[in-house]
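In what follows, a structure is listed as structure tokens, so that the remarks can point back to it.
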Amino acid sequence: MSDPIYWPSFFFLLFAGIACAFAIAVVVSSNIVRMAFYLVMSLAATAGLFFVAGADFVGSMQVLIYVGGTLVLLVFGVMLTSQDRFISMKTSRFELGMAAGVGACLFLLLLFAAWSVPEWRSLSREQVDAIALEPTATPLGMALLGARVDAPESPDVAGYLLVFEIISVHLLVVLVGAAYLARAKRKGSAIAE
Amino acid sequence: MMPLFANILTEPVGVAHYLVVGAVLFVCGALCMATKRNAIGVLLGIELVLNGANLNFIAFGSRYLRDSQGTIGLDGQLMSLFVIVLAAAEAAVALAIALNFYNSFSSIDVDQADQLQG
């Protein structure tokens, strides 16, 4: 082989393979506990893809919030509802076959769309090596507070202070609502209410 | 269509490679939502779909995947942060609803949630 291996591409392939394989395993598996574990692996590999794309802060947040928070919540859901008859629920063969057909069509459409735009192809090796490495945490934090330090030459680029506030209040309201909805009730009293 | 994997190990990857991975995650999530009978399984499918969308945002915002005139810059990463937070909120509410359904009907099968059927 004339060219040596380009290691970012190797790690992209590694993480992409893990993410796709475990995502397919989530669909194929019928055991809910295994599905949750496969999803943890798939989302963790996606965090690796974020790192390879240069999004270090978002990759860390993916591991912290998604894998560490949201999926633990879902695993609690699995544990709270894990009677024997709900652990493994089979889907009928007809439905699985139809889903595979529809999914293959949708995937081919997306694949065609992704490869039909020439600007979305990769840069050359020299171009990528010329790009200076920049950490993203500080510009992201400043953008959430409304100041875009990453684009100082264009003052009309908007900050995200309002979105940040709305999303904060939204998260608070949602968590209060979820705690209210899921509060402990005596069995059978919910219908009578 | 150019050859997909001819020189992928020796050349940098582009936005299109990331879009393909995002498409796989999206399709898997959509199929999961459509075929699973366990309500928690449907929630896992939703997480997969949101994650595929997140991956596309990151790819379009990255400076290493295409020339910097074409990227959406830091906005992509900000959008994907918002998606992560909203996914957490969505999972909390949906799980509360699923647990409520389970408390009322002693079942987590979405096919049995048909009381509103006309």
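Listed in order, the protein sequences are those of chains B and C. Taking this note's numbering, the leading residue of the first sequence gets 1, the next gets one more, and so forth. Taking this note's numbering, the leading residue of the second sequence gets 1001, the next gets one more, and so forth. Note that the Cβ used here is the ideal one computed from N, Cα and C, for glycine as well.
Check: Since S88/B sits in a beta bridge, which residues does DSSP pair it with?
Finding: According to DSSP, S88/B bridges with N31/B.
Item checked: Beta carbon proximity, L1116/C to chain B, threshold 9 Å -> It does not; no Cβ of chain B falls within 9 Å.
Next item on the list: Answer yes or no: does any C-beta atom of chain C fall closer than 9 Å to that of R148/B?
Entry: Chain C, which has a Cβ nearer than 9 Å to the Cβ of R148/B, makes this yes.
Check: Is N1100/C helix, strand or coil by DSSP?
Finding: Helix.
Next item on the list: Could you check if V26/B is buried or exposed, using at least 16 other CB atoms within 10 Å of its CB as the buried criterion?
Entry: The residue is buried, with at least 16 neighbouring Cβ atoms inside 10 Å.
Next item on the list: Pull up the distance between the alpha-carbon of E193/B and that of S1104/C, whole angstroms please.
Entry: Low per-residue confidence applies at E193/B: pLDDT is 45, beneath 50, and the placement is therefore not dependable enough to give any value.
Next item on the list: Enumerate, from N- to C-terminal direction, the unbroken alpha helix (DSSP H) stretches of 4 or more residues contained entirely within the region 67-147 of chain B.
Entry: For the region 67-147 of chain B, the full-length alpha helix (DSSP H) segments reaching 4 residues or more read 71-80, 84-87, 93-115, 125-130, 137-144 along the chain.
Next item on the list: Label H170/B either buried or exposed according to how many other C-beta atoms from any shown protein chain fall within 10 Å of its C-beta, with 16 as the threshold for buried.
Entry: Its Cβ having fewer than 16 others within 10 Å, H170/B is exposed.
Check: Does the beta carbon of Q1077/C sit closer than 9 Å to a beta carbon anywhere in chain B?
Finding: Yes, because at least one Cβ of chain B sits closer than 9 Å to the Cβ of Q1077/C.
Item checked: Partners in chain C for R125/B, counting only beta-carbon separations shorter than 9 Å -> For R125/B, the residues of chain C that pass the 9 Å Cβ criterion are T1010, E1011, P1012, in the order they occur in the chain.
Note to self: For the pair the region 69-81 of chain B and the region 1089-1096 of chain C, tell me if three or more CB-CB distances fall below 8 Å.
What the structure shows: Two segments are said to touch when three or more pairs of C-beta atoms, one from each, lie closer than 8 Å; by this definition the region 69-81 of chain B touches the region 1089-1096 of chain C.
Check: What is the C-beta distance between F51/B and T136/B, in whole angstroms, given that I count them as a contact (C-beta under 8 Å)?
Finding: Contact flag wrong, Cβ pair sits at about 11 Å.
Next item on the list: Using a Cβ cut-off of 7 Å, pull out every chain B residue sitting near V1020/C, in sequence order please.
Entry: In chain order: L111, A114.
Item checked: Proximal residues to F1026/C (C-beta, below 6 Å), its chain only, five neighbours per side dropped -> So the list reads V1049, G1052, once near-sequence residues are dropped.
Checklist line | Identity of the residues DSSP links to N1038/C by a beta bridge | finding: N1038/C is bridged to D1109/C.
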